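**Q**
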Amino acid sequence: MAEKTDDAPATSEQEIYEARLAKARALREKGVPPWGNGHPVRDAIGEVAAAHGGKTGEALEVEKPAVSIAGRIVAARSFGKAAFIALRDRTGQIQAHVRRDVLGEAAFEVFGLTDVGDFVAVEGPLFRTRTGELTVRAEKLTFLTKALRPLPEKWHGLSDVETRYRQRYLDLVANERARETFRRRFALVRAVRAFLDARGFVEVETPMMHPLVSGAAARPFTTHHNALDADLYLRIAPELYLKRLVVGGFERVYELNRNFRNEGISTQHNPEFTMIEFYQAHATYEDLMELTEELLRRVATEVTGGARVPYQGEILDFGAPFRRVTMTEAVRQVAPETAADDAALVAAFEEEVEPTLVQPTFVTQFPTSISPLARRNDADPRFTDRFELYVAGREIANAFSELNDPIDQQERFARQVEAKRRGDEEAMDYDADYIRALEVGLPPTAGEGIGIDRLAMLLTDSPSIRDVILFPLLKPEPK
RNA sequence: GGGCGCCUAGCUCAAUUGGCAGAGCAACGGACUCUUAAUCCGUUGGUUGAAGGUUCGAUUCCUUCGGCGCUCACCA
Numbered sequence: 000m001a002e003k004t005d006d007a008p009a010t011s012e013q014e015i016y017e018a019r020l021a022k023a024r025a026l027r028e029k030g031v032p033p034w035g036n037g038h039p040v041r042d043a044i045g046e047v048a049a050a051h052g053g054k055t056g057e058a059l060e061v062e063k064p065a066v067s068i069a070g071r072i073v074a075a076r077s078f079g080k081a082a083f084i085a086l087r088d089r090t091g092q093i094q095a096h097v098r099r100d101v102l103g104e105a106a107f108e109v110f111g112l113t114d115v116g117d118f119v120a121v122e123g124p125l126f127r128t129r130t131g132e133l134t135v136r137a138e139k140l141t142f143l144t145k146a147l148r149p150l151p152e153k154w155h156g157l158s159d160v161e162t163r164y165r166q167r168y169l170d171l172v173a174n175e176r177a178r179e180t181f182r183r184r185f186a187l188v189r190a191v192r193a194f195l196d197a198r199g200f201v202e203v204e205t206p207m208m209h210p211l212v213s214g215a216a217a218r219p220f221t222t223h224h225n226a227l228d229a230d231l232y233l234r235i236a237p238e239l240y241l242k243r244l245v246v247g248g249f250e251r252v253y254e255l256n257r258n259f260r261n262e263g264i265s266t267q268h269n270p271e272f273t274m275i276e277f278y279q280a281h282a283t284y285e286d287l288m289e290l291t292e293e294l295l296r297r298v299a300t301e302v303t304g305g306a307r308v309p310y311q312g313e314i315l316d317f318g319a320p321f322r323r324v325t326m327t328e329a330v331r332q333v334a335p336e337t338a339a340d341d342a343a344l345v346a347a348f349e350e351e352v353e354p355t356l357v358q359p360t361f362v363t364q365f366p367t368s369i370s371p372l373a374r375r376n377d378a379d380p381r382f383t384d385r386f387e388l389y390v391a392g393r394e395i396a397n398a399f400s401e402l403n404d405p406i407d408q409q410e411r412f413a414r415q416v417e418a419k420r421r422g423d424e425e426a427m428d429y430d431a432d433y434i435r436a437l438e439v440g441l442p443p444t445a446g447e448g449i450g451i452d453r454l455a456m457l458l459t460d461s462p463s464i465r466d467v468i469l470f471p472l473l474k475p476e477p478k
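Numbering (numbering that gives the first Met the number 0), first residue to last: 0 to 478.
(1) Taking buried to mean at least 16 other C-beta atoms within 10 Å of its own C-beta, is T55 buried or exposed?
(2) Three-state secondary structure (DSSP) at L458?
(3) What does DSSP give as the partner residues of Q92 in its beta bridges?
(4) With contact counted as at least three CB pairs below 8 Å, one residue from each stretch, are the segment 421–434 and the segment 223–230 in contact?
(5) Report yes if the C-beta distance between N269 and I44 is below 9 Å; otherwise report no.
(6) Roughly how many angstroms lie between the CA atoms of G422 and S213, to the nearest whole one?
(7) Can you find at least 3 beta carbon pairs, one from the segment 237–249 and one from the segment 290–306, that sit closer than 8 Å?
(8) DSSP three-state call for Y429: helix, strand or coil?
(9) Buried or exposed for P237, going by 16 or more other Cβ atoms inside 10 Å?
(10) Quick one: measure Cβ to Cβ for G392 and L356, integer angstroms, because I've assumed they're closer than 8 Å.
(11) Beta-carbon within less than 7 Å of H38's beta-carbon, same chain only, minus the 5 sequence neighbours each way: which residues are those?
(12) From the DSSP output, which residues share a beta bridge with P366?
(13) Let's see if you can read the secondary structure: which residues bound the alpha helix (DSSP H) around H51?
(14) On a Cα-Cα basis, can you pick out the residue from E276, A436 and A50 that is closest to I406?
(15) Between the Cα of S67 and the Cα atoms of E122, A21 and T90, which residue gives the shortest distance?
(16) Can you tell me where the alpha helix (DSSP H) with Q358 in it begins and where it stops?
(17) Could you round the C-beta distance between R297 and F194 to whole angstroms and report it? I think they count as a contact, below 8 Å.
(18) Which residue wins for smallest C-alpha separation from D42, given the options R87, A280 and A74?
(19) Taking all protein chains shown into account, decide if Y168 is buried (16 or more other Cβ within 10 angstroms of its Cβ) or exposed.
(20) By DSSP's criteria, E401 is part of a beta bridge. Which residues make up the other side?
(21) DSSP three-state call for E161: helix, strand or coil?
(22) Indicate the three-state DSSP secondary structure (helix, strand or coil) for V416 in the structure shown.
(23) Going by the CB atoms, is the gap between D286 and A445 shorter than 9 Å?
(24) Roughly how many angstroms lie between the CA atoms of L133 and P359, to the nearest whole one?
(25) Taking C-beta to C-beta, are Q364 and T325 nearer than 9 Å?
(26) With DSSP run on the structure shown, which of helix, strand or coil describes V119?
(27) The beta strand (DSSP E) with Q279 in it runs from where to where?
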């Protein structure tokens with residue numbers, strides 16, 4: 000480039016860094032801040048492309064639409080006295096033609112100190128190149144930010160899994176697939192909220208730090224509040240707080256936020272994960288099956304463009320009504336000789352049935368013994384009015400008609416406490432205030448939790464939960 | 001936590017039976033005012049994850065450790 004900053008070739012990481020640092024100093028000597036302040040940008044690249052992408056070169060020649068854009072230089076092709084640079088912002092990518100005779104000597108020297116990875120602003124008219132590409136003629140170029148570290152390789156991108164997770168910013172800069180995955184995740188979250196908002200649900204926030212462990216079967220993280228000298232647990236579920244709100248008159252509530260479970264990490268589990276829980280008074284678990292079908296059909300369509308979603312070689316169909324089967328019946332179909340007790344039933348279900356449930360399937364009527372917060376079935380109190388939704392062999396949602404009988408709930412809690420005393424680390428605590436709330440009166444209510452990360456995996460065709468969590472938990476980076 | 005696998009230049013990857021650590025991209029110098037992974041000429045860049053061991057000689061074989069991935073267990 001125009002300015003020689005160092006006679007020695009720079010190629011190791013340290014040397015590349017120092018060469019770029021030298022360019023930053025050279026910029027500063029020219030009066031150009033290498034890490035500039037906010038600079039007004041009028042146009043979004045995607046909107047420029049949308050507004051003018053259909054016009055011919057001749058039309059642009061007449062109109063000369065002036066644009067003002069800014070972005071990261073993601074590619075550069077230099078010809079000595081001119082160059083093409085590809086600029087990317089949040090909305091898209093476009094190339095700019097930088098010419099010495101257009102820009103002027105001094106500004107072109109500044110341009111000579113730019114690298115791929117730097118941020119610049121460009122102003123000038125649009126035109127079409129000989130090959131027809133929509134291009135900005137850089138009549139003004141403002142240097143915005145120097146990147147001291149190089150971007151990953153331009154063709155193969157960044158594929159090292161550990162680097163992609165630890166330095167997600169590099170993954171996002173380098174891999175369009177990663178950008179699209181997270182765009183979809185955010186669209187999914189938006190779509191879920193919009194769906195429930197439209198049905199009169201209110202989004203609420205309940206505590207993340209709990210004095211008791213409840214709402215799910217899981218081992219908690221513990222922490223401590225100094226001023227109160229109180230041990231607290233990071234919540235494993237918001238369930239009991241949300242039902243307190245229904246008692247208080249918020250008949251339709253949801254909370255879409257993080258839960259924390261102190262358990263193993265896998266392609267399906269991250270210690271902190273996002274779940275939506277929602278509660279609807281005067282509904283039953285059967286109402287929620289219908290709501291869930293509608294919700295997933297809507298969300299899948301909004302996020303992926305259709306209700307039939309490709310996932311790891313299968314097509315998941317969220318368009319048709321989902322299959323419904325009781326746990327007992329599902330087990331009977333694959334393992335007719337399974338013993339009648341709850342533990343054997345659940346074990347057979349998890350081992351034999353779960354992996355086979357590829358298309359969306361509601362499994363209903365879970366044993367009361369493993370459903371301490373769910374209402375018993377009126378006809379058979381051994382089971383509860385509960386369902387879990389399975390897709391691609393995984394649990395995606397869990398819902399039930401809520402147990403609103405304070406007497407029964409006291410007994411269920413007592414059984415949990417007894418299990419905990421016997422060594423069940425995932426058993427719940429006895430929540431006396433929750434009993435008090437039920438005694439004030441919880442109207443008949445149904446509630447559901449949907450694993451947002453797992454749903455995001457399905458809608459982005461991602462095999463690992465880490466692919467849909469921006470910063471998955473990893474071991475601390477070794478020195 | 002158990003089992004299996006991987007770790008080589010900034011990035012993506014090679015390296016015969018154990019025999020001088022290489023390529024492309026990026027970078028640096030030069031040419032080049034319409035490129036699209038620009039092209040052409042030239043130049044660099046390495047504690048082969050770490051520490052030991054075997055060997056005349058280790059990227060290669062062995063041990064330990066670290067990180068990551070897959071998987072099993074646990075869970076959503």
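Think of the CB as a built atom: it goes at the ideal place given N, C-alpha and C, for glycine as much as any other residue.
Nothing here was measured: the structure is a model prediction, and the numbers come from that model.
**A** Reading it off the structure:
(1) Exposed, because fewer than 16 other Cβ atoms sit within 10 Å of the Cβ of T55.
(2) Reduced to three states, the DSSP call for L458 is helix.
(3) Q92 is bridged to R87.
(4) With the cut-off at 8 Å, the segment 421–434 and the segment 223–230 do not touch.
(5) Cβ atoms of N269 and I44: not closer than 9 Å.
(6) For G422 and S213, the distance between alpha carbons rounds to 16 Å.
(7) No: the two stretches stay apart, fewer than three of their Cβ pairs being nearer than 8 Å.
(8) Note: Y429 maps to coil in three-state DSSP.
(9) Under this definition P237 is a buried residue.
(10) Their Cβ separation, rounded to whole angstroms, is 6 Å, which keeps G392 and L356 in contact under 8 Å.
(11) Here the set comprises A69, A120, T141 and L143.
(12) Beta-bridge annotation (DSSP): P366 is paired with F382.
(13) Unbroken alpha helix (DSSP H) run through H51: I44 to H51.
(14) Comparing Cα-Cα distances from I406 to each of E276, A436 and A50, the minimum goes to A436.
(15) Of E122, A21 and T90, the residue nearest in Cα terms is E122.
(16) Membership of Q358 in any alpha helix (DSSP H) is not indicated, and neither H nor E is assigned to it by DSSP.
(17) At roughly 6 Å, the Cβ-Cβ gap stays under 8 Å, so R297 and F194 are in contact.
(18) Residue R87 is the option with its Cα nearest to D42.
(19) By the Cβ-count criterion, Y168 is exposed, with fewer than 16 other Cβ atoms from all chains shown falling within 10 Å of its own Cβ.
(20) Partner residues in the beta bridge of E401, as assigned by DSSP, are A373.
(21) DSSP places E161 in the helix class (H, G or I) of the three-state scheme.
(22) Here V416 sits in helix by DSSP.
(23) Taking 9 Å as the cut-off, the beta carbon of A445 is found closer than this to the beta carbon of D286.
(24) Going from the Cα of L133 to the Cα of P359 covers about 45 Å.
(25) Going by C-beta atoms, Q364 is nearer than 9 Å to T325.
(26) Correct three-state label for V119: strand.
(27) Membership of Q279 in the beta strand (DSSP E) is indicated by the continuous run E271 to A280.
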